[in-house]
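Positions 237 to 484 (the numbering used here) are the ones given, in order, by the sequence shown. As structure tokens, the structure follows; a few thoughts come after it.
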Amino acid sequence: MANRVETVVYDIVKAVREVLSRHDVTFEEYRAGVGFLMQYAKAPEYEIPLVCDLWFNATITDNEMKHRKGSTTNVEGPYFLENVPVINDEIKTLDDGSEPLVLEGRVTDLAGKPIKGAEMFVWHSDNHGHYSGFDPELPQDSYRGKKIIGADGEYRIRTRVPAPYPIPHHGPSGKLLEMMGRHPWRPAHVHFKIRAPGFLEHTTQSYFTGGKWVDSDCVEGVRPALIHNLEDANGAKVLRKDFKLDPA
Ligand code: MBD
Ligand code: FE
């Protein structure tokens, strides 16, 4: 059997060699690059997953979509938490100055049949780009929850509009972006993860039409099918999104 580690790792090595050759990278530049990587040894441990997700996570979700027919999946990011309270129609938020946001839609199979009992995790930042469970200022379980989908497949959850978010940029990953002349911002987004027996786990994000950084997401994760208009209704913004899940 082909050794997949050999296949993938050695192809990465050859791809890097090709780039080093094409750009005539010098010994001094090479040593500077290795020295830069050494900073990761001294950095907080989230820095390595951060830089990997920054460049590669969106590619992995695009790979996933080559084999799926349902709704578009997207990067999970570093702030998913498994153990969150079941919510009915409201996510716990603070009065953070942001507008109310209603998330609504249906969870179905590819044929449009509701998936009763599906677990839908929702999580997003507050109006300052912070996530509960990671920012000590935010109450536990705020801005996140788990909805159990009923027989009609519908969900309708009240929360607040999240804000754009700078990835941690005080360590080597932020330094790298800065040296590249790039910014560390992600557009405002809402995360979803749906699990149901008999279906592939569905992890995705939603972005907002016209939102700041939608055209220049630092992790290059935005896909056209994931950009939604926020409609106005009864003093709230409404994001309508239907999910079609692929069979396992
Ligand atoms: C996030 O909030 C996120 O969603 C991703 C993909 C990367 C860093 C921070
Ligand atoms: Fe996020």
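From the three backbone atoms N, C-alpha and C, an ideal C-beta is built for every residue, glycine too.
C-alpha gap between E355 and V255, whole angstroms: The alpha-carbon atoms of E355 and V255 are separated by roughly 44 Å.
Length of the line joining the Cα atoms of N324 and K383: Each residue's alpha carbon lies about 6 Å from the other.
Through-space distance from K429 to P483, alpha-carbon basis: Their Cα atoms are separated by approximately 15 Å.
Own chain residues within Cβ distance below 6 Å of D332, not counting five before or after: Only D362 and N363 meet the Cβ criterion.
I248, enclosing alpha helix (DSSP H) - first and last residue: Segment R240 to R258, the alpha helix (DSSP H) holding I248.
Minimum Cβ-Cβ distance from C288 to chain D less than 8 Å: Here chain D cannot be found, since the structure has a single protein chain.
Sub-8 Å separation of L339 and I385 beta-carbons: Pairing L339 with I385 gives a Cβ-Cβ distance that is not under 8 Å.
Between the CA atoms of G271 and L346 - distance to the nearest angstrom: Their Cα atoms are separated by approximately 49 Å.
8 Å contact criterion, which P350 and A387 should meet: CB distance rounded: About 6 Å separates the Cβ atoms of P350 and A387, confirming a contact at the 8 Å cut-off.
Residues sharing a beta bridge with M356, DSSP: M356 is bridged by DSSP to K383 and I430.
Residue ranges of each beta strand (DSSP E) within the stretch 309-344, 3 or longer: None, since the stretch 309-344 contains no complete beta strand (DSSP E) of that length.
Three-way DSSP call (helix, strand, coil) for Y282 in this model: Here Y282 sits in coil by DSSP.
Between the CA atoms of G434 and P314 - distance to the nearest angstrom: The C-alpha of G434 is placed about 26 Å away from the C-alpha of P314.
Residues bridged to I463 (per DSSP): Y443.
Inter-residue CB distance, T439 and Y379 (contact presumed, cutoff 8 Å): Rounded, the Cβ-Cβ distance is 17 Å, inconsistent with contact.
Short Cβ contact (8 Å threshold) for H406 with L413: Contact: no.
Per DSSP, the bridge partner or partners of I393: Paired residue(s): L339.
Beta-carbon separation (whole angstroms), H425 vs S442, contact threshold 8 Å: Correct: roughly 6 Å between the Cβ atoms.
Distance, H360 Cα to L337 Cα: About 12 Å.
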